[in-house]
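In my numbering, the protein residues as written are -4 to 322.
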């Protein structure tokens, strides 16, 4: 068997065979029409294509849009007064005049449920945003720098991990929002947001740190560093886009968790308080009238559960779309 020479390996294409450079034929000749027009998609493009096929995504997204519009423009859903009431209407049952009835102080329960969406959703969304920003920044710094910086930030996160959530919230809120304080509506909401963010950022920090540690030694990061890219460019252009998917999933689920956490704190009497209107406050006020007037508890609890489940289901759908192993 003779050894092949250079001439037998590198051959000149025949005249009838078009070359890639010289021929006028398109590179997608012979492919179906849909394949010719289809462009390569990235991770988010594939995820969006997968999400559009899931009924669970559209159901949860529809409820979330309704709740967001309800929180931003409550007057579109009701013209009733959510704050003032008349005692002669105390605990009047649902009717055509008041769909959800009246509470103990004669206030329209339907109007309070609609206006209660604003405080609950604002607290959850703002708390989630602050938690993702602060925890994500700490995770990027710890994972990228490594060494003593990583050790120091990890030990600080461990300290916050050791604080029970409810106990930490009780300490913070009773100190700055106790019974003797006279805080305004936005001050009360700000304190609840601060307590939720302070006690939750270590989870996001560890999640981002793990993603950065798994990504920072990738070939494209090494190549960018070898070409002289600075730390800021590597983090913003390469690390952050490739580490953002886990945070998007966790952030979506966290909004639903924070809605439930706010309601829990308000039910315990240490979260949102009057004059704020929220679902947690309504549930707290209805606990003594469950047997005689169960509708006082049912309607705000139904809205609360629906909102929490909507965000959790949306997060689950996004997680499945961003993880190729689950498709």
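Idealized CB from N, CA, C, for every residue including glycine.
The structure presented is a predicted model; accordingly, all values stated were derived computationally and were not measured.
Euclidean distance between Cα positions of residue i and residue j
{"i": "residue 269", "j": "residue 45", "result": "44 Å"}
{"i": "residue 129", "j": "residue 300", "result": "28 Å"}
{"i": "residue 54", "j": "residue 305", "result": "8 Å"}
{"i": "residue 282", "j": "residue 313", "result": "36 Å"}
{"i": "residue 57", "j": "residue 67", "result": "15 Å"}
{"i": "residue 297", "j": "residue 136", "result": "41 Å"}
{"i": "residue 104", "j": "residue 52", "result": "30 Å"}
{"i": "residue 177", "j": "residue 183", "result": "9 Å"}
{"i": "residue 155", "j": "residue 279", "result": "28 Å"}
{"i": "residue 90", "j": "residue 209", "result": "59 Å"}
{"i": "residue 309", "j": "residue 62", "result": "14 Å"}
{"i": "residue 161", "j": "residue 108", "result": "25 Å"}
{"i": "residue 31", "j": "residue 233", "result": "In this prediction, residue 31 has a pLDDT of 46, which is less than 50 and means its spatial position is unreliable; nothing more can be read from the coordinates."}
{"i": "residue 195", "j": "residue 218", "result": "35 Å"}
{"i": "residue 272", "j": "residue 86", "result": "18 Å"}
{"i": "residue 262", "j": "residue 307", "result": "21 Å"}
{"i": "residue 328", "j": "residue 311", "result": "Absent from the model: residue 328. The displayed extent of the chain is -4 to 322, so no value can be given."}
{"i": "residue 17", "j": "residue 317", "result": "Low confidence applies here, because residue 17 scores a pLDDT of 45, under 50, leaving its location unreliable and the question unanswered by this model."}
Whole-number beta carbon distance between residue j and residue i, since they are thought to touch under 8 Å
{"i": "residue 266", "j": "residue 275", "result": "6 Å"}
{"i": "residue 260", "j": "residue 198", "result": "Between residue 198 and residue 260 the Cβ distance is about 18 Å, and since that is not below 8 Å, they are no contact."}
{"i": "residue 71", "j": "residue 78", "result": "So it is not a contact: roughly 18 Å between Cβ atoms."}
{"i": "residue 134", "j": "residue 204", "result": "4 Å"}
{"i": "residue 111", "j": "residue 97", "result": "Not confirmed; about 15 Å, so no contact."}
{"i": "residue 295", "j": "residue 277", "result": "4 Å"}
{"i": "residue 246", "j": "residue 125", "result": "Actually they are not in contact, since the Cβ atoms of residue 246 and residue 125 sit about 11 Å apart, beyond 8 Å."}
is_contact[residue i, chain C] using C-beta, thresh 9 Å
{"i": "residue 91", "result": "In the structure shown, chain C cannot be found, because there is only a single protein chain."}
Residue i, enclosing alpha helix (DSSP H) - first and last residue
{"i": "residue 169", "result": "160 to 171"}
{"i": "residue 270", "result": "Element bounds for residue 270: n/a, residue is neither H nor E."}
{"i": "residue 142", "result": "142 to 156"}
{"i": "residue 68", "result": "Segment: none, residue 68 is in no alpha helix (DSSP H) and carries neither H nor E."}
{"i": "residue 47", "result": "Neither: residue 47 is in no alpha helix (DSSP H) and is coded neither H nor E."}
{"i": "residue 312", "result": "290 to 317"}
Per DSSP, cross-strand counterpart(s) of residue i
{"i": "residue 103", "result": "97"}
Any non-hydrogen atom of the ligand MG within 8 Å of residue i CB
{"i": "residue 103", "result": "Among the ligands in the structure shown, none appear at all, so the ligand MG cannot be discussed."}
Open item on the list: In chain order, what are the residue ranges of uninterrupted alpha helix (DSSP H) at least 4 long that sit wholly in the region 195 to 255?
Closed with: 214 to 221
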